[in-house]
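Trainee: Take a look at this one; I'll ask things after.
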Amino acid sequence: MRHILIIGASSAIAERFARLQAVKGERLFLLARDPERLSTLAADLRVRGAAAVEVATLDVDNLEQHGDTIAAAWQTLGKVDITLVAHGTLPDQRHCERDQREMLAALQTNATATLSLLTELANRMEQQGSGSIAVISSVAGDRGRQSNYVYGAAKAAVNVFVQGLQNRLASSGVQVLLIKPGFVDTPMTRDFPKGPLWVQPEVVAKGIAKAIERGRHEVYLPGFWRLIMLVIRLVPTTIFKRLKL
Amino acid sequence: MEVFGWGRYPRQQAALLLPRSARELPQLLEQGAGIAAGMHRSYGDSALAERVFSSRAMNHFLAFNEATGELRCEAGVTLADIMDAFIPRGWFLPVVPGTRFVSVGGAIASDIHGKNHHLDGCFSQHLRSLTLMQASGEQFVCSPSENPELFHATCGGMGLTGIITEATLLLRRQAAADVEQTTYKADSLEQALALFENNPDASYSVAWIDCLASGRKQGRSLVMLGEHASAGGARQQPGQKLSVPVDMPRLLLNRYSIAAFNSLYFHRQRQHCATRRVSYDSYFFPLDGISQWNRLYGRQGFVQYQCVLPKATARQGLSKLLDAINRHGAGSFLAVLKLFGAANENYLSFPQEGYTLAVDFKVEDSLWEFLDQLDRQVLDCGGRVYLAKDARLSEKMFKQMYPSWERLAEVRALTGADKRFSSRQSQRLGI
């Protein structure tokens, strides 16, 4: 039976991932903002077969809370086999362009909070000498583009930080997995028109589980995004800056 | 955005609201009227309105009692979710419809039936209770013993009493996942009906009927009886191997192609009678394997006409219906015939003792008058039409077919549901 810590547990992908683990009879510790939602989630996971589900509230924007919350999770679980960092918001790019505070808030939730949590997590996992840290980033972090560069910048910060962790923790027995989903149909992307590239959160959750099993360090989900982003990264700037992506 | 039912006709511009829990509903209700929707598997306009309260995000299990098989869950949980989670643990649903992609809320609101109605009745007959949110935003627990009027109005009530937020279902123990299927070739309607009559204890029965065969071959069908296998067979994850990703051209399904398909399908079994073991999914949900099969009917969509005829008039009545369908020249590539047991106490529940026939028709100008004609035949036989499939039934016909509509209307008026919950269908039917 494995011990799994999920930050941002009420996000669509995290929920599907938690369900996959519950069916396997694992033990789960969920962190999210809303206690009622946490309790519904916990009930669902118990019915599906989780060995045990514990919850605690965490607003990732309260940076001072991170240390204590993670300490409490470790206290309860003893050992943590997998941590999934899944919280996030999708800011309105145009609003962020006009409103500095909104831009800073987006960066706080999607970059600063993540890096702060990872700092705690990395130290604990390193001490433990085993386990996996899986971080949900995005293809948006691979290259800045006019339609979402605030979100992209935050994810890019996460990407480089995680690369650093991978380097630091390489010989410590800890797996660090960077997850880059493409377009996923979730409440976060509710207002976007959906097309053929869009997938359901279940698909991404399954991909994450598989990547963790296989000890991967980076995964694009679905896989075809690796090729798409390779092309996007290779387009020369003189051309790229004139595109309307 | 545009919303539509499984028949893809009619379509409606709607605001699709996605509350993540029942807590968010009262505020949405205050903002205006609308109708609840789950997976949009009803065929017509029962879940169409300018505002649609979708249960898609309310999809959590809440509690399960291993000793009794009672499962409490939110209304957006689908039967597929339940089966995926519980069949491997040795449980199944006592009543399942022809597709597993329906929500619990939808299953209750349409009071769905399956291939075992003659023995096990409708979905609502295996509910311990349901929780209904009324126009006021208050929630009420309803069951045959608690708030019974509200229960009987809500089961089969097409969302017109409020929003179902939760339900407690009774699952049934079942060791094996496979079905022993015995298929008979019936060369005529007489033979098909005789097979149903002579196998009243078959756990499951359904006939795929060639609705375009005429003369002595009229009503030729493959009658498939089913029993749960006693042991073995872990359920394989059902996939969708085929898909129809775009609308097919109008002409693809026409009298000739359909007749040809039906012929081939009827003759795919050489023997008069054959038994084989099939997977759960292929017996109960044969069409679920083809993703978006409803697109075969093209962009303008189709209407499914499902009616029930009482036993006494069924033989003649079905024959007349098949005659009419033949003369009209259009029909579906497989029509379905099933045996029903007695009706229950729900006000708008569809099944009554007799035989039910379901046929798909492509949407075209000549369809409306033709279906009105079928309505008259059905009414003359003492039967009625299924609202979950309906897209065009008239108010006059509806009120004659469902005399208990007045009891639903009373409940609606009493609870204020008439001001808050309505669909294009309810407006057309005058409830």
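Just so you know, the sequences run in chain order A and B. Heads up: the first sequence is residues 6 to 250, going by my numbering. Heads up: the second sequence is residues 66 to 496, going by my numbering. By construction, the Cβ of each residue, glycine as well, lies at the ideal position given by its N, Cα and C atoms.
With a threshold of 8 Å between beta carbons, is A:P227 in contact with chain B?
Mentor: What you label residue 227 of chain A is simply residue 222 of the first sequence in a count that begins at 1. So no, A:P227 is outside the interface.
Trainee: Looking at chain B, which residues of the stretch 30–47 of chain A have a Cβ within less than 8 Å of any of its Cβ atoms?
Mentor: E41, R42, T45 and L46
Trainee: Between the stretch 377–396 of chain B and the stretch 417–435 of chain B, do three or more beta carbon pairs fall short of 8 Å?
Mentor: Contact holds: three or more Cβ-Cβ distances are below 8 Å.
Trainee: Is the stretch 241–259 of chain B touching the stretch 161–168 of chain B, taking contact as three or more C-beta pairs under 8 Å?
Mentor: no
Trainee: Counting pairs of Cβ atoms below 8 Å between the stretch 230–247 of chain B and the stretch 335–355 of chain B, do you hit three or more?
Mentor: yes
Trainee: Whole angstroms are fine: how far does the CA of B:T219 sit from the CA of B:I173?
Mentor: Residue mapping note: residue 173 of chain B aligns to position 108 of the second sequence, counting from 1. Residue mapping note: residue 219 of chain B aligns to position 154 of the second sequence, counting from 1. Each residue's alpha carbon lies about 8 Å from the other.
Trainee: What are the residues of the stretch 121–141 of chain B that lie near chain A, defined by any Cβ-Cβ distance shorter than 7 Å?
Mentor: A122, H125, F126, L127, A128 and F129
Trainee: Do B:R489 and B:A114 have their CB atoms nearer than 8 Å?
Mentor: Counting from one through the second sequence, the residue named residue 489 of chain B turns up at place 424. Counting from one through the second sequence, the residue named residue 114 of chain B turns up at place 49. Their beta carbons are under 8 Å apart, which means B:R489 touches B:A114 by this criterion.
Trainee: Could you have a look at A:C101 and say whether DSSP puts it in helix, strand or coil?
Mentor: Within the first sequence, the letter at position 96 stands for residue 101 of chain A. Three-state DSSP puts A:C101 in a helix.
Trainee: Is the stretch 186–195 of chain A touching the stretch 11–18 of chain A, taking contact as three or more C-beta pairs under 8 Å?
Mentor: The stretch 186–195 of chain A makes contact with the stretch 11–18 of chain A, as at least three CB pairs between them are under 8 Å.
Trainee: Nearest to A:E31 by alpha carbon, out of A:V58, A:T45, A:R38 and A:D49?
Mentor: The residue labelled residue 31 of chain A in the question sits at position 26 within the first sequence. Comparing Cα positions, the closest option is A:V58.
Trainee: The beta strand (DSSP E) with B:T230 in it runs from where to where?
Mentor: The residue you call residue 230 of chain B lines up with position 165 of the second sequence. Counting along the chain, the beta strand (DSSP E) containing B:T230 begins and ends at I228 to L235.
Trainee: Roughly how many angstroms separate the alpha carbons of B:D185 and B:S344, rounded to a whole number?
Mentor: Counted from its first residue, the second sequence places residue 185 of chain B at position 120. Counted from its first residue, the second sequence places residue 344 of chain B at position 279. Rounded to the nearest angstrom, the two C-alpha atoms are 21 Å apart.
Trainee: Anyone know if the C-beta pair for A:K160 and A:G146 falls short of 8 Å?
Mentor: Reading the first sequence from its first residue, position 155 is the one you call residue 160 of chain A. Reading the first sequence from its first residue, position 141 is the one you call residue 146 of chain A. Yes; because the gap between Cβ atoms is below 8 Å, this pair is in contact.
Trainee: Can you check the stretch 138–207 of chain B for any beta strand (DSSP E) of at least 3 residues that lies completely inside it and give the ranges in chain order?
Mentor: Qualifying beta strand (DSSP E) stretches, in chain order: 192–198 and 204–207.
Trainee: With a cut-off of 8 Å on the beta carbons, I'd call A:L202 and A:G212 a contact; round off their distance for me.
Mentor: On the first sequence, residue 202 of chain A is found 197 positions in, with the first residue counted as 1. On the first sequence, residue 212 of chain A is found 207 positions in, with the first residue counted as 1. Wrong, their Cβ atoms sit about 15 Å apart, outside the cutoff.
Trainee: Counting only Cβ pairs nearer than 8 Å, list the residues of chain A close to B:R88.
Mentor: Locating residue 88 of chain B in the second sequence gives position 23, where the first residue counts as 1. Those are E41, listed as they occur along chain A.
Trainee: Which chain A residues sit within Cβ distance under 7 Å of B:R106?
Mentor: The count along the second sequence starts at 1 and reaches residue 106 of chain B at position 41. Per Cβ cutoff of 7 Å: no residues; B:R106 is ~17 Å from chain A at best.
Trainee: Roughly how many angstroms separate the alpha carbons of B:G224 and B:S487, rounded to a whole number?
Mentor: Within the second sequence, numbered from 1, the residue matching residue 224 of chain B stands at position 159. Within the second sequence, numbered from 1, the residue matching residue 487 of chain B stands at position 422. Going by the C-alpha atoms only, they are around 8 Å apart.
Trainee: Should B:E95 and B:T230 be called a contact, given that it needs their Cβ atoms to be closer than 8 Å?
Mentor: Start at 1 with the first residue of the second sequence, and residue 95 of chain B comes out as number 30. Start at 1 with the first residue of the second sequence, and residue 230 of chain B comes out as number 165. The answer is no: Cβ separation not under 8 Å.
Trainee: Measure from the alpha carbon of B:H293 to the alpha carbon of each residue in B:A377, B:G155 and B:R449, then state which is nearest.
Mentor: What you label residue 293 of chain B is simply residue 228 of the second sequence in a count that begins at 1. When only C-alpha atoms are compared, the closest one is B:G155.
Trainee: Which value, in whole angstroms, describes the spacing of the CA atoms of B:R485 and B:A98?
Mentor: Taking the first residue of the second sequence as 1, we reach residue 485 of chain B at position 420. Taking the first residue of the second sequence as 1, we reach residue 98 of chain B at position 33. B:R485 and B:A98 have their C-alpha atoms spaced approximately 4 Å apart.
Trainee: Mind checking the stretch 177–208 of chain A against chain B and listing, in chain order, the residues whose C-beta falls within less than 7 Å of any C-beta there?
Mentor: P192 and R195
Trainee: Between which two residues does the beta strand (DSSP E) harbouring B:Q77 extend?
Mentor: Position 12 of the second sequence, counted from the first residue, corresponds to residue 77 of chain B. R76 to Q78 is the extent of the beta strand (DSSP E) around B:Q77.
Trainee: Mind listing, in chain order, the continuous beta strand (DSSP E) runs of no fewer than 3 residues lying wholly within the stretch 366–438 of chain B?
Mentor: Here the runs fully enclosed are 367–375, 400–405 and 419–427.
Trainee: Would you kindly check if the distance between the Cβ of B:M289 and the Cβ of B:G363 is under 8 Å?
Mentor: Start at 1 with the first residue of the second sequence, and residue 363 of chain B comes out as number 298. Start at 1 with the first residue of the second sequence, and residue 289 of chain B comes out as number 224. No. Outside cutoff.
Trainee: If B:R73 sits next to B:G366, beta carbons under 8 Å apart, how far is it from one beta carbon to the other, in whole angstroms?
Mentor: As a position in the second sequence, residue 73 of chain B is number 8, starting the count at 1. As a position in the second sequence, residue 366 of chain B is number 301, starting the count at 1. Right, the Cβ-Cβ distance comes to about 4 Å (below 8 Å), so this counts as a contact.
Trainee: Using a Cβ cut-off of 8 Å (strictly closer), state whether A:D49 contacts chain B.
Mentor: In the first sequence, the residue the question calls residue 49 of chain A occupies position 44. Chain B contact via Cβ: present.
Trainee: 8 Å is my cut-off, CB to CB: does B:A150 come that close to chain A?
Mentor: Walking along the second sequence from the start, residue 150 of chain B turns up at place 85. With 8 Å as the cut-off, B:A150 counts as an interface residue toward chain A.
Trainee: Beta-carbon within less than 6 Å of B:I355's beta-carbon, same chain only, minus the 5 sequence neighbours each way: which residues are those?
Mentor: Position 290 of the second sequence, counted from the first residue, corresponds to residue 355 of chain B. Same-chain partners within the cutoff: L307.
Trainee: Short of 7 Å in beta carbon distance, which residues of its chain neighbour B:K376, apart from the five on each side in sequence? Order them along the chain.
Mentor: As a first step, residue 376 of chain B must be located in the second sequence, where it is residue number 311. Same-chain partners within the cutoff: E418 and G419.
Trainee: Using a Cβ-Cβ cutoff of less than 8 Å, which residues in the same chain neighbour B:A389 once the five nearest sequence positions on both sides are dropped?
Mentor: Here residue 389 of chain B is taken as the residue at index 324 of the second sequence, counted from 1. Around B:A389: F435, Q438, L439 and Q442.
Trainee: Is the stretch 127–145 of chain A touching the stretch 35–50 of chain A in the sense that three or more CB pairs, one from each, lie closer than 8 Å?
Mentor: Segments in contact, no.
Trainee: Runs of 4 residues minimum, wholly inside the stretch 37–75 of chain A: which ones carry the alpha helix (DSSP H) assignment?
Mentor: 40–53
Trainee: Suppose contacts are defined by Cβ-Cβ distances below 8 Å. Is A:A216 in contact with A:V209 by that definition?
Mentor: Your numbering for residue 216 of chain A matches position 211 in the first sequence. Your numbering for residue 209 of chain A matches position 204 in the first sequence. For A:A216 and A:V209, no; Cβs fall outside 8 Å.
Trainee: Assuming A:L43 and A:V60 make a contact with CB atoms under 8 Å, what is their CB distance in whole Å?
Mentor: For the purposes of this step, residue 43 of chain A is identified with residue 38 of the first sequence, where counting begins at 1. For the purposes of this step, residue 60 of chain A is identified with residue 55 of the first sequence, where counting begins at 1. Right, their Cβ atoms sit about 4 Å apart.
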